[in-house]
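Numbering (mature numbering (1 follows the signal peptide of the UniProt record, and there is no 0)), first residue to last: -24 to -1, 1 to 608.
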């Protein structure tokens, strides 16, 4: 009887365990979004499929940590037309960030948005809204950002905005608002823009700390409308009726002043010219943009129809203006352009690469981007979007918080550094090898990476190497051979960066393996003016004695890894042999690198003596490899 009861309880528990969903989903919020999608016209396709996960796969949607509610909805520039259907989005009671900007939404401000009491950011700019603003903003007590600019709102600005005690940014520019500006005494307010409306009266004292342009384009009264930058000089009580001749000292002063003014004008022209030149190394500026496009002067031949092109599987929603407005940080300047870390307003962080020296036509560029953008592999960093215009070519990828392998391996060496352990280095090698091998199978086996180096490799969520920047070499103008070889990763036979091959990718990967083993950069200084090439240095050490000098001192503290390091060294040297046809293929390299861990045996704790003994047992085989791979 007891056994029967236990069996029944066990069965119930097992059934319950099976029945429980592996990943929670906000079922009600998901239905709300589907209702909204079905009731409103939209010209761009959204991947809002009821069979997909709303939290991890739907474009523009973000859930909270336990995946119980939708907290962010960002759909900028997706072609939404018409008014927002009532009783749809207003049911997303947990939503915090709502962005529907740069669409064609019309009608009045949705009255049922008053139910969204958890809103912190509301972006509705650049639509076709009309009618008055909500009379009571107090319902959004947590609101920090309110952007309703570039619409057709009319009527007055409600004084209830001053009840938004957490407000930091207010933008009501380019509407048809009239009446006086209310006294918005909110200490947290950092930015305000009320320009280009029909406002009258004067600027309240609470807002006079903001710049003049924030109130320009209105009908404000001249007295006390905008506080002058300098105090005005009171007029003279008795205007002078007597005309005086200009004295010689005054004439001299005028001449000197004119010369000084001339110098100032010349200096300003030089500064402007320098600024234009300097902008070539930065992201396009805000003055060069329009909603959804990079809109430069038509005299420059800019195609106004260019937009960011997204690839399937990207659940982020942003446009070019987001990138231009984002807080940008230069991560580095590499072979193919400058890379930026861009933090979007919704806290998502991306990597934007501004390509330089792109020589191919738009059609060829787009075809290559389509090939690269279709790649989905755990060891290949996905291309999320790209932008092409006459003057700007951008690629957008994921941001990896830990940074590149180059930064992790070489950064902050010395006291207090956390060394990169052998397990991590091995996983980097395995992941990068898998990623490169997969790249070589794409586009009917014609796709080449062309720029493999440790700064283009990152760690995925499982700690394995993940390779980025593939396939860009064929789009660029060729670099001079000395410049290419200075990078240290280029195979000796590659004299044109556009003509890289699978074999040259193998060579570059071999350099990466040597870099992981030695802890040294492919080209580094040995003190003074002497420059050491890693491949040549490893060959010299191998030919002479095969001592532990070749391995990173940070690895000597880890036990039982001697044989594994020697095996990886042999693989690396096989990859960097001089003759391309003698190098292994990437699928074979993957097998060899994966076998390092599977084929290793348990060794005694590591020491220099043990390592030298292990290394010496393979001296004969390594000498043959070194002889074959020695650089010319």
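Cβ atoms here follow ideal geometry from the backbone N, Cα and C, with glycine treated the same way. Since the structure is predicted, the reported quantities are computational estimates derived from the model, not experimental observations.
Taking a contact to require three or more Cβ pairs closer than 8 Å, the stretch 149 to 167 and the stretch 126 to 141 qualify as touching. Here residue 123 is buried: its Cβ has 16 or more other Cβ atoms, across all protein chains shown, within 10 Å. Around the beta-carbon of residue 413, 16 or more other beta-carbon atoms lie within 10 Å, marking it buried. Approximately 6 Å separates the beta-carbon atoms of residue 287 and residue 359; this is inside 8 Å, confirming the contact. Residue 45 and residue 2 do touch by the CB rule: their CB atoms are close to 5 Å apart, below 8 Å. Look at residue 50 here: in three-state DSSP terms it is strand.
Nearest to residue 96 by alpha-carbon distance, out of 166, 131, 143, 467, is 143.
Counting the other CB atoms within 10 Å of its CB gives residue 481 a total of 16 or more, which places it among the buried residues. Boundaries of the beta strand (DSSP E) around residue 360: 359 to 364.
Annotation for residue 383: no beta strand (DSSP E) segment contains it, though the alpha helix (DSSP H) segment containing it runs 381 to 386. Under the three-pair Cβ rule at 8 Å, the stretch 347 to 365 counts as touching the stretch 437 to 447. Following the DSSP letters along the chain, one finds residue 403 inside the alpha helix (DSSP H) bounded by residues 398 to 415. A direct Cα-Cα distance of roughly 11 Å separates residue 428 from residue 478.
One thing to note: residue 151 has its Cβ within 9 Å of the Cβ of residue 128. Counted as a single uninterrupted DSSP element, the stretch harbouring residue 71 is not any alpha helix (DSSP H), since DSSP gives it neither H nor E. Beta bridge pairing from DSSP links residue 2 with no other residue.
Residue pairing for residue 129: DSSP places it in a beta bridge opposite 107. Bridge partners of residue 25 according to DSSP: none are assigned. In this structure residue 192 is not in contact with residue 167, their Cβ atoms being roughly 15 Å apart against a cut-off of 8 Å. Residue 294 has its alpha-carbon roughly 17 Å from the corresponding atom of residue 47. Beta-bridge annotation (DSSP): residue 562 is not paired with any residue.
For residue 160, DSSP assigns no beta-bridge partner whatsoever. Annotation for residue 479: the continuous alpha helix (DSSP H) segment containing it runs 478 to 494. Between the stretch 393 to 411 and the stretch 555 to 571 there are three or more C-beta pairs closer than 8 Å, enough to call the two in contact.
With contacts defined by Cβ atoms closer than 9 Å, residue 493 and residue 526 form a contacting pair.
The three-state reading of DSSP puts residue 284 in coil, since its state is none of H, G, I, E or B. Counting only residues of its own chain and dropping the five nearest sequence neighbours on each side, residue 57 has a CB closer than 6 Å to the CB of 17, 80. In chain order, 62, 63, 66 place their CB closer than 7 Å to the CB of residue 88, counting only its own chain and leaving out the 5 sequence neighbours on each side. Here the alpha carbons of residue 530 and residue 396 stand approximately 8 Å from one another. For residue 328, the uninterrupted beta strand (DSSP E) segment begins and ends at 325 to 331. Comparing alpha-carbon positions, the option among 187, 180, 186 lying closest to residue 197 turns out to be 180.
The DSSP-derived three-state label of residue 12 is helix. Per DSSP, reduced to three states, the secondary structure at residue 169 is strand. Here residue 145 is actually not in contact with residue 118; their C-beta atoms are around 14 Å apart, not less than 8 Å.
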